[in-house]
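If you read the sequences in order, they're chains C and Z.
As numbered in the numbering used here, residues 26 to 294 make up the first sequence, in order.
As numbered in the numbering used here, residues -6 to 317 make up the second sequence, in order.
The beta carbon of each residue, even a glycine, is placed where N, CA and C say it ideally should be.
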Amino acid sequence: MESKKGHSKPGEFKPMDLLACAAAREVKDGEIVFAGTGLPMLAIMVAQHTQAPTAVCIYESGSIDGRPIDLPTSVADARCSYQAAVGDGLTDVFGQLQSGKVDLAYLGGAEVDLYGNVNCTFMGGPTGKRLTGSGGNSDIHSLAKRSVLIMPQFGQKRRFVERVSYITSPGWKIPHWPDKEWVPKQQVYGPAFNGGPAAVISDMGVYRFDEKGEMYLDTVHPGFTPEECRENCSFDLNISKCKGETLTPTYEELELLYKVIDPEGIIMK
Amino acid sequence: MARPKIVSLTEAVGQIKDGDMLTFGGFTVWRRPMAAIYELIRQKKRNLHLVEVNGGTHDDMLVGAGCVGIWESSWCGHELYGKFGSNLARKIEKGEILYEDWAHIHILNRLTAGSKGLPFLPTYAAMGSDMLNPENDNLGKAGLRDGSNPHIGKLKYAMYQEPFTNSEIVLVPAANPDWCITHVQMVGAEGTVRVDGLKFSDQEVIKASKHNIIIAEQVVPEEYLRREPTRNMIGGYLVDYIVEQPWGAHPTGLYGVHEPDGEFISNFFKATRTQEGFDQWAEEWIFGVKDFQEYLSKLGITRLESLKANPALGYSSTMKRGSR
């Protein structure tokens, strides 16, 4: 790729590239970030190479502030620990998460709903199709200050629903157990409240949450319309606040993704 | 016993009884005691109660082989090598296994409480999730919370208003497995354990368990490990049995020694989409070989060599991983 300044044009990048770069832009310099396997790893690394050089990445298996020179393929990959400040374990990093030290976390899921609740346990509830279960998804989504969900959407409106069929990870409006009363997250967590879902980034747009904790379209990816984003949701998505198009990847970001971070073509095939 | 016995894999695994509660060291597809998993299956253990911080290829194998009666964990999958644990998924969907879903901190706290002699530990994690929905208390619904099984709490969890800041918090009951099996790089002849790389939740799960089996790449002189005690994790008095089994974590990875065998795990995942597929797989790789040594011979030196880590990096610098 020839070296050019500025943002790439439609046709010069793949949907995956935009997803990784839009996710990377959520990180502010100096933040403490929890990342999982796959696209989240690419996103934090792009951020560290661009606007957030002092951001610290923590992996849930226990490595802190690693400086990988080869792309890891799981959070316990030896590559995550390369040049890490600390390599310990789950009690350390989940304790730090619970005490409110994590500013931003990247997560995925099979289903997300209007309130940012996430399902990665059962499609269709406990009698439905079984998935992996929570892992750290629920802990991280419930205790990080901001979480960013990376989800496929185009042609998969069943993944964007009004109410997830099983709440693995609690969003902005959740049941209070055991009485099952639906209340705002702040009410359930009380003094332990650290924050909640900040954004959902799909292959169609970037979504955020309003003061009621409900999802709205913030920017639409080039090639799609806000109406198409709404049609690819199973609920009546608020598109009235859409600010315009999502910024495309810069040439610098594309070069980072393909030549520096994933030169082997593990995720950026 | 103050001193562990160095025994064969068959003898160590032979101590485990049907119905025992088990946990394992490691994390997802890393540092799992696979040689022992194959031996548990070969010895046809039944009705095991697994309690694990997270699962992986190893527990999906035990489930597929019909060894597991109760599965309690936060996750079961194969990382990038397979979307989910399909043996576990199939048995859950068909109602053929009892299971209890937890968040990572829940189950970590259960074992940590067990390791400290406490009856419970609190956490704020996952409040508002369906893991805490009373309708999803599967062991309770099966009538198993009547106090007759010491491994099953009278409640799945309790909501508690703590007296210091008046917040609501989740109390999860201690877990004390009968056995923990852990694969490590090095153990001393008297049982001192050294783990290289991340410790995951090994210290907690080992200390929570009544009995421990340590499987090591190498058994080394105690004197060597005692030169640098701060690098060691566990004293030998906590270890019951030591087994020396190089490559015993295959197909999962071992920091500084070898990579996970992604192709092997991915083929396992594909085979396990049906019970028949798993049975055929197990016939070829577990029942069709006499022991772990024969399994290694079947894999062959070329395959094992390709997984070897560069000790300076902790991982392989030559393995082909992507499309470029």
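- prompt: For I199/C, is the classification buried or exposed, using 16 other Cβ atoms within 10 angstroms of its Cβ as the cut-off for buried?
  reply: By 1-based counting over the first sequence, the position of residue 199/C is 174. Answer is buried; the Cβ neighbour count reaches 16.
field: Interface partners of R104/C on chain Z, CB under 9 Å
entry: Looking up residue 104/C in the first sequence gives position 79. Listed along chain Z are L306, G307, Y308, each with a C-beta nearer than 9 Å to that of R104/C.
message: Taking DSSP's pairing of strands, which residues face W23/Z in a bridge?
response: Numbered from its first residue, the second sequence carries residue 23/Z at position 30. F20/Z, G246/Z.
task: Kindly say whether D94/Z, judged by its beta-carbon, lies nearer than 8 Å to any beta-carbon of chain C.
output: Residue numbering aside, residue 94/Z sits at position 101 when the second sequence is read from its first letter. Closer than 8 Å: yes.
- prompt: What residues in its chain sit with their C-beta under 6 Å from that of I(-1)/Z, if we drop five residues either side in the sequence?
  reply: Counting from 1 along the second sequence, the entry for residue -1/Z is found at position 6. I235.
query: Where do the N-terminal and C-terminal ends of the alpha helix (DSSP H) with P166/Z fall, by residue?
result: Sequence index remark: in the second sequence, residue 166/Z carries index 173 (1-based). Run containing P166/Z: none in the alpha helix (DSSP H); it sits in the beta strand (DSSP E), 161 to 166.
- prompt: From C173/Z to V198/Z, what distance separates their C-alpha atoms?
  reply: Position 180 of the second sequence, counted from the start, is the residue given in the question as residue 173/Z. Position 205 of the second sequence, counted from the start, is the residue given in the question as residue 198/Z. When rounded, the distance between both Cα atoms is 7 Å.
- request: Could you tell me whether the stretch 130 to 147 of chain C touches the stretch 107 to 114 of chain Z, where touching means 3 or more Cβ pairs closer than 8 Å?
  value: no
- request: Give a yes or no on whether the minimum CB-CB distance between T16/Z and chain C is below 8 Å.
  value: Indexing the second sequence from 1 puts residue 16/Z at position 23. Answer no: the Cβ-Cβ gap between T16/Z and chain C never drops below 8 Å.
- prompt: Between which two residues does the alpha helix (DSSP H) containing R296/Z stretch?
  reply: Within the second sequence, residue 296/Z is the residue found at index 303, counting from 1. Start and end: 294 to 300.
8 Å Cβ cut-off: residues of chain Z touching G210/C: For the purposes of this step, residue 210/C is taken as residue 185 along the first sequence, with counting starting at 1. Looking at the sequence shown, residue 210/C is not Gly but Lys. The answer, in chain order, is G121.
query: Mind pulling the chain B residues with CB within less than 7 Å of A82/Z?
result: The question asks about chain B, but that chain is absent: this structure's protein chains are C and Z.
query: In chain C, which residues lie less than 7 Å from S316/Z when you measure between Cβ atoms?
result: Start at 1 with the first residue of the second sequence, and residue 316/Z comes out as number 323. Result: G290, K294.
field: Delimiting residues of the alpha helix (DSSP H) encompassing K263/Z
entry: For this step, residue 263/Z is matched to residue 270 along the second sequence. Segment 255 to 264, the alpha helix (DSSP H) holding K263/Z.
field: Distance between beta carbons of D164/C and A119/Z, contact taken as under 8 Å
entry: The sequence position of residue 119/Z within the second sequence is 126, counting from 1. The sequence position of residue 164/C within the first sequence is 139, counting from 1. Confirmed, about 6 Å.
query: Whose Cβ in chain Z lies nearer than 7 Å to the Cβ of V213/C?
result: Taking the first residue of the first sequence as position 1, residue 213/C is located at position 188. What V213/C touches in chain Z: M120, G121.
- prompt: List, in order along the chain, the chain Z residues whose C-beta lies closer than 7 Å to that of F119/C?
  reply: Your numbering for residue 119/C matches position 94 in the first sequence. Result: H97, I98, L101.
- request: Using a Cβ cut-off of 7 Å, pull out every chain C residue sitting near E277/Z, in sequence order please.
  value: For the purposes of this step, residue 277/Z is taken as residue 284 along the second sequence, with counting starting at 1. The premise fails here: E277/Z is roughly 26 Å from chain C at the closest Cβ pair, so nothing lies under 7 Å.
field: For E37/C, the nearest candidate out of L279/C, M240/C, I291/C (CA to CA)
entry: Counted from its first residue, the first sequence places residue 37/C at position 12. When only C-alpha atoms are compared, the closest one is L279/C.
task: Would you list the residues sitting across from A209/Z in a DSSP beta bridge?
output: In the second sequence, the residue the question calls residue 209/Z occupies position 216. Per DSSP, V177/Z, E237/Z.
message: If the criterion is Cβ atoms closer than 8 Å, does the pair V101/C and L191/Z meet it?
response: In the first sequence, residue 101/C corresponds to position 76, counting from 1. In the second sequence, residue 191/Z corresponds to position 198, counting from 1. Per the sequence shown, the amino acid found at residue 101/C is Ala instead of Val. Closer than 8 Å, so yes.
query: Where does the unbroken beta strand (DSSP E) through S172/C begin, and where does it stop?
result: Along the first sequence, one-based indexing puts residue 172/C at 147. Element bounds for S172/C: 171 to 175.
query: Roughly how many angstroms lie between the CA atoms of G281/Z and Y288/Z, to the nearest whole one?
result: By 1-based counting over the second sequence, the position of residue 281/Z is 288. By 1-based counting over the second sequence, the position of residue 288/Z is 295. Those two C-alpha atoms are separated by around 9 Å.
message: Taking the straight line between their C-alpha atoms, what separation do you get for E136/C and R103/Z?
response: Here residue 136/C corresponds to residue number 111 of the first sequence, with the count starting at 1. Here residue 103/Z corresponds to residue number 110 of the second sequence, with the count starting at 1. C-alpha separation (whole angstroms): 28 Å.
message: Just to make sure I have the definition right: I need the residues of chain C whose C-beta is within less than 9 Å of the C-beta of V22/Z. Which are they?
response: The residue you call residue 22/Z lines up with position 29 of the second sequence. Neighbours of V22/Z on chain C, chain order: S99, A101.
query: What in chain Z is Cβ-close to N125/C, meaning under 7 Å?
result: The residue given as residue 125/C occupies position 100 in the first sequence. Here residue 125/C is Gly; the residue named in the question, Asn, does not match the sequence. Within 7 Å Cβ-Cβ: nothing; G125/C doesn't reach chain Z, min ~10 Å.
Nonlocal neighbours in the same chain, by C-beta distance under 6 Å from F260/C, ignoring five residues either side: For the purposes of this step, residue 260/C is taken as residue 235 along the first sequence, with counting starting at 1. The residues are L139, E187.
query: Counting pairs of Cβ atoms below 8 Å between the stretch 0 to 15 of chain Z and the stretch 30 to 37 of chain Z, do you hit three or more?
result: yes
- prompt: On the three-state DSSP scale, how would you describe P65/C?
  reply: Residue 65/C sits at position 40 when you count from the first residue of the first sequence. In the structure shown, the three-state DSSP call for P65/C is helix.
task: Would you kindly work out how many angstroms separate the C-alpha atoms of G180/C and K76/Z, rounded to a whole number?
output: For this step, residue 180/C is matched to residue 155 along the first sequence. For this step, residue 76/Z is matched to residue 83 along the second sequence. Approximately 20 Å, taken between the alpha carbons.
Reference C60/Z; option with closest CA among L81/Z, T245/Z, K87/Z: As a first step, residue 60/Z must be located in the second sequence, where it is residue number 67. Among L81/Z, T245/Z, K87/Z, the Cα nearest to that of C60/Z belongs to L81/Z.
- prompt: So what's A151/Z in DSSP terms, helix, strand or just coil?
  reply: As a working note, residue 151/Z is residue 158 in the second sequence. If DSSP states are grouped into helix, strand and coil, A151/Z belongs with the strands.
- prompt: Is the Cβ of A217/C closer than 8 Å to any Cβ of chain Z?
  reply: For the purposes of this step, residue 217/C is taken as the residue at position 192 of the first sequence. Judged by the 8 Å Cβ criterion, A217/C is in contact with chain Z.
message: Just to confirm the assignment, what range does the beta strand (DSSP E) spanning G120/C have?
response: Taking the first sequence and counting its residues from 1, one reaches residue 120/C at position 95. From DSSP, G120/C is part of no beta strand (DSSP E) but of the alpha helix (DSSP H) over 115 to 123.
- prompt: Taking H204/Z as the reference, which of D171/Z, Q211/Z, H176/Z, L218/Z has the closest Cα?
  reply: Here residue 204/Z is taken as the residue at index 211 of the second sequence, counted from 1. Residue D171/Z is the option with its Cα nearest to H204/Z.
- prompt: Taking the continuous alpha helix (DSSP H) assigned at P222/C, which residues delimit it?
  reply: Position 197 of the first sequence, counting from 1, holds the residue named residue 222/C. No alpha helix (DSSP H) holds P222/C; the beta strand (DSSP E) holding it covers 221 to 226.
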